[in-house]
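Data first, discussion second: the structure below is written as structure tokens.
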Amino acid sequence: MRALNIITLILVIVGGLNWGLVGLFDFDLVTAIFGNGAAETATSSPIARIVYILVALSAIYQIGMLVRLSSARSDVAYR
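The numbering used here puts the sequence shown at residues 1 to 79.
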């Protein structure tokens with residue numbers, strides 16, 4: 001379970017940094033790394049699409065972890 005937490009957290013960080021690059025510089029690092037070399041968009045490569053899907057799933061997983069952590073802390077506060 002700890003390995004899954006670390007992997008998903010890394011993917012969320014990579015995704016966040018990538019979206020920052022897209023927003024600031026119109027540069028998509030994932031497509032630059034995994035793209036197919038053609039006139040590329042964010043979904044031009046199947047591998048890039050897989051990376052984006054993994055980042056999205058990781059974000060959803062981390063939201064669940066945050067909710068569980070938050071509820072565990074509130075349980076301790078009431079004791």
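Quick reminder that beta carbons are idealized off the backbone N, C-alpha and C, glycines included.
Buried/exposed call for residue i, threshold 16 Cβ in 10 Å
i, result
"A32", "exposed"
"L17", "exposed"
"V51", "buried"
"V67", "exposed"
"D83", "Not covered by the structure: residue 83. The range shown for the chain is 1 to 79."
"S45", "buried"
Simplified DSSP state of residue i, which is helix, strand or coil
i, result
"G20", "helix"
"F27", "coil"
"G35", "coil"
"M65", "helix"
"S71", "helix"
Contacting residues, own chain, Cβ-Cβ under 7 angstroms from residue i (five flanking each side not counted)
i, result
"L9", "Q62"
"F34", "S45, I47, A48 and V51"
Residues of its chain near residue i, where Cβ-Cβ distance is below 6 angstroms and the 5 sequence neighbours each way are ignored
i, result
"L11", "L54, V55 and S58"
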